[in-house]
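Structure, as structure tokens:
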Amino acid sequence: MVLPVIVGISEKHTVMVDLDNMSFKRVKGLAELASEHLALGGFIILKSSPKHYHVVFDKPMRYWSDVLRVIAWIGILADNPNAWKWVCMQAIKKACTLRVSEKPTKKGVKPKPRIIYRYGSQYR
Numbered sequence: 000m001v002l003p004v005i006v007g008i009s010e011k012h013t014v015m016v017d018l019d020n021m022s023f024k025r026v027k028g029l030a031e032l033a034s035e036h037l038a039l040g041g042f043i044i045l046k047s048s049p050k051h052y053h054v055v056f057d058k059p060m061r062y063w064s065d066v067l068r069v070i071a072w073i074g075i076l077a078d079n080p081n082a083w084k085w086v087c088m089q090a091i092k093k094a095c096t097l098r099v100s101e102k103p104t105k106k107g108v109k110p111k112p113r114i115i116y117r118y119g120s121q122y123r
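If you're matching positions, the sequence shown starts at 0 in numbering that gives the first Met the number 0 and goes up one per residue.
Take a look at the structure:
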């Protein structure tokens, strides 16, 4: 039996969130709110599959506890059990992880996430 390889990126100083089963409009609204309310600079939104998005913010954080505070804030505002489950898993691992490769599923293959929206600064 060959197990598929799924590649992800993990980071302790970058605010990244996985928002599944949400509309692009809702994801964009949450990202803009967090960016402005928490002074996170800009962000990019990546689409990993229909109604599945990743958001990566520009401003690095010095401490993991600050990253956790931000992703928990977004998780609560998302009002989405999938987002909250993702936040909890990141807290357990003490790092944010997002998939960057294709992912085999029972229905086929989810494509690599691709950038679909940019907002604000992108230089950090």
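For every residue, glycine included, the Cβ atom is placed at its ideal position computed from N, Cα and C.
Straight across, the Cα-Cα distance linking Ala77 with Met0 is about 38 Å. Beta bridge pairing from DSSP links Asp17 with His53. If only complete runs of 3 or more residues are kept, the region 66-108 shows the beta strand (DSSP E) at 95-98, 102-104, in order along the chain. Excluding sequence positions up to five before and after Pro110, its CB lies within less than 8 Å of the CB of Ser47, Ser48, Glu101, all in the same chain and listed in chain order. C-alpha of Lys27 to C-alpha of Pro3: approximately 31 Å in a straight line.
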